[in-house]
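A short worksheet on the structure shown next.
Chains as they are written, first to last, in this note's numbering: chain W, 141 to 233; chain S, 7 to 210.
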């Protein structure tokens, strides 16, 4: 059974969660000043890393909270989970 | 025959017809399913600072639980922890509309949301010595008594249905809060899970 450690509820089965894509993407402060390419990069382009990947997850069938997870995309191992607003831990894949 | 006396509501329940299916299997295995009739269920969202907790304590005589997965109870109400800023308040002495007015008044000065969810949730009580065995067939939570005791609650998935599970006593009894549209499905799944346990027990 693949478990995810919710920062609020503790370890739970993966079916209680949904993934919300890459984490730590900041909305540009002044979108009007961006070129179309820069805006498209913000809206659409995501890293497709082999190894450590920081992403957002939601405990939708549990406490309904969003949080971040550092997952290795090769082994699927989740190395850390941390709350929204917290800095990502320093990890090497 | 399952107990129907909890809360004398005249509303029709989603499970009224299921209680007369007459399948005796779940009685043999020491599990009783009961459709509960709560009178008031209210979903509350608020940041649990000291003033908000105190205001609710003054109105209901019950604290907001802030430890994840715990329940605070008073004589006529339970407050179940759903998330760090979300709770389910169950009142046995008044209708949901009255309960939500009481809570709205208690939280009038705070940034809060109070919603009467009495009609959207159904409560199924699973009790008896084999209740854990039945639930464990469809639920990944660790329900062993060293982990899950009376006064604990957890929102999770049982047989693909999202359920808020609350252990109320050592019988053990569990109350499953499930969306109304899933209630009959979950009831029938529980009946089936209990009936297949008969075979398991006979083989032992």
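Every residue gets a Cβ at the ideal spot worked out from N, C-alpha and C, and that includes glycine.
Just measuring C-alpha positions, the residue of S:35, S:49, S:93 sitting nearest residue 122 (chain S) is S:49. Taking a beta-carbon distance threshold of 9 Å, residue 134 (chain S) does not count as an interface residue toward chain W. Residue nearest to residue 160 (chain W) within the set W:168, W:204, W:229 is W:204 (criterion: CA-CA distance). For residue 186 (chain W), there is no enclosing beta strand (DSSP E), as DSSP marks it with neither H nor E.
The beta carbon of residue 150 (chain W) falls within 9 Å of a beta carbon belonging to chain S, placing the residue at that interface. The beta-carbon of residue 101 (chain S) is placed no less than 9 Å from the nearest beta-carbon of chain W. If the five residues before and after residue 112 (chain S) are omitted, its C-beta is found closer than 6 Å to the C-beta atoms of 61, 62, 65, all from its own chain and listed in chain order. The alpha-carbon separation between residue 224 (chain W) and residue 55 (chain S) amounts to approximately 19 Å. Along the segment 195 to 221 of chain W, going in chain order, the ones with a CB nearer than 9 Å to a CB of chain S are 199, 200, 201, 202, 203, 204, 205. Around residue 58 (chain S), the same chain offers 52, 70, 113, 116, 118 as residues with beta carbons nearer than 8 Å, after the five sequence neighbours per side are excluded. Counting only runs of 4+ residues, the alpha helix (DSSP H) found wholly inside the segment 118 to 201 of chain S occupies 137 to 142, in chain order.
When secondary structure is reduced to three states using DSSP, residue 212 (chain W) falls in the strand class. Neighbours of residue 126 (chain S) in chain W, taken as residues at a C-beta separation under 9 Å, are lacking, since the least C-beta distance is about 16 Å. Considering only beta carbons, the part of the segment 155 to 175 of chain W lying closer than 9 Å to chain S consists of 155, 156, in chain order. Distances from the CA of residue 199 (chain W) to each of S:161, S:184, S:192 were compared; the closest alpha carbon is that of S:161.
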